[in-house]
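Enquirer:
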Ligand SMILES: NC(=O)c1ccc[n+]([C@@H]2O[C@H](COP(=O)([O-])OP(=O)(O)OC[C@H]3O[C@@H](n4cnc5c(N)ncnc54)[C@H](O)[C@@H]3O)[C@@H](O)[C@H]2O)c1
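Numbering (this note's numbering), first residue to last: 6 to 354.
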């Protein structure tokens, strides 16, 4: 029987989507791609209540999941939900700039763990009060930077940490696509940059895409219109000496790639591949694909599984509020550098 009562606040696709289960293949249990699907797949979790300011989103959730949670309760005010329900897990899936108040209230509500969508917040002050509230109430706070629970990216981190190819010296991150926006999607890329660097960002120098000279603080509409959130090129220097380059460009074709420069190899990582490139004795390049393991719990289900495991057995979260704050610090540093004539902006403030 499920013994972790969950609620989801904000009910668009990342929160509520239900994967299709093809009837013509002998495979049961499609990979979850949302918070609801992750709670569905986790044997110890069940969604008891949901919230959205738009009643139609609540009705849609109840319709989509009626065979799984026929009695799920709907609220249009998150404060009423937090007051009325006895919750273990709270998912915060509202727009980027609307995570903080809800997370702070959830931390004070008696819930035991919060899974908040990325980025943690769009200001350092909001991130700080979310972290402070979670720590003050002894509540776990995990930020859903999805690739933290990706088999490919975790395998790549293992390769780097193994030291097999020497020390990591530099990281090149590329993100292209119509939605190559800094806060909306760059969040994921910069977070994985931090995961590979395994250090605190020390300073940044940056240049935004043309037309964003006015953009000195987060001014997006919640990540809907790419015209309200810039692409950027930036150099991030980490405290351990790792040099990281972030380059995003709004193009019709989409994709992300990381090149990890170690002493004796370059490791190429994308969402679908992991390749080690080395130079042989005669100067020729060799490319070796590295297989990765498959897991029962990845992505959002990985995040939920990790929270429940840490609640039961203790340990650190891979995408804690403090870890996610680094990404906000870098993104705001990018804006500040551009606005200051591409000046060097100190980070970890
Ligand atoms: N991890 C991922 O890959 C991924 C993918 C998509 C979106 N996201 C993140 O998920 C979040 C939601 O993104 P979105 O584009 O679906 O947002 P959105 O602007 O569509 O809003 C999500 C929902 O929140 C509701 N909402 C807004 N304010 C609310 C409040 N005070 N109380 C209750 N509900 C409220 C809205 O009505 C809407 O239904 C963002 O932080 C976004 O960055 C993450």
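Glycine included, each C-beta is placed from N, C-alpha and C at the ideal position. Since we're looking at a predicted model, the values are computed, not measured.
Straight-line CA distance for residue 147 to residue 306?
Expert: Answer to the nearest angstrom: the Cα atoms are 13 Å apart.
Enquirer: Would you check if the segment 305-325 and the segment 171-190 touch, i.e. whether three or more CB-CB distances between them fall below 8 Å?
Expert: Cβ pair count under 8 Å is below three, so no.
Enquirer: Which full runs of the alpha helix (DSSP H) of 4+ residues lie inside the segment 32-77, going along the chain?
Expert: Whole alpha helix (DSSP H) segments, 4+ residues: 40-46, 60-69.
Enquirer: Could you give the DSSP three-state label for residue 258: helix, strand or coil?
Expert: Note: residue 258 maps to coil in three-state DSSP.
Enquirer: I'd like to check one pair, residue 13 with residue 107: are the Cβ atoms closer than 8 Å?
Expert: No.
Enquirer: Beta-carbon within less than 6 Å of residue 276's beta-carbon, same chain only, minus the 5 sequence neighbours each way: which residues are those?
Expert: If we look at residue 276 and ignore the five residues flanking it on each side, it has no Cβ neighbours.
Enquirer: Decide if residue 284 is buried, meaning its Cβ has at least 16 other Cβ atoms within 10 Å, or exposed.
Expert: Its Cβ having fewer than 16 others within 10 Å, residue 284 is exposed.
Enquirer: Suppose the cutoff is 7 Å on Cβ atoms and the five residues either side in sequence are ignored; what does the same chain contact list for residue 18 look like?
Expert: Counting only Cβ-Cβ distances below 7 Å, and skipping sequence neighbours, we find 39.
Enquirer: With burial defined as no fewer than 16 other Cβ atoms inside 10 Å of the residue's Cβ, what is the status of residue 74: buried or exposed?
Expert: By the 10 Å Cβ count, residue 74 comes out buried.
Enquirer: Go ahead and label residue 30 buried or exposed: buried means 16 or more other beta carbons lie within 10 angstroms of its beta carbon, across all protein chains shown.
Expert: So residue 30 counts as exposed.
Enquirer: When every heavy atom of ligand 1 is checked, does at least one fall within less than 7 Å of the C-beta of residue 83?
Expert: Residue 83 Cβ: within cutoff of ligand 1.
Enquirer: Does the distance between the C-beta of residue 100 and the nearest non-hydrogen atom of ligand 1 fall short of 7 Å?
Expert: Yes; taking the cut-off as 7 Å, the Cβ of residue 100 has a heavy atom of ligand 1 nearer than that.
Enquirer: Which of the three DSSP states, helix, strand or coil, is assigned to residue 229?
Expert: Here residue 229 sits in coil by DSSP.
Enquirer: Using only the alpha-carbon positions, how far apart do residue 160 and residue 297 sit?
Expert: Answer to the nearest angstrom: the Cα atoms are 6 Å apart.
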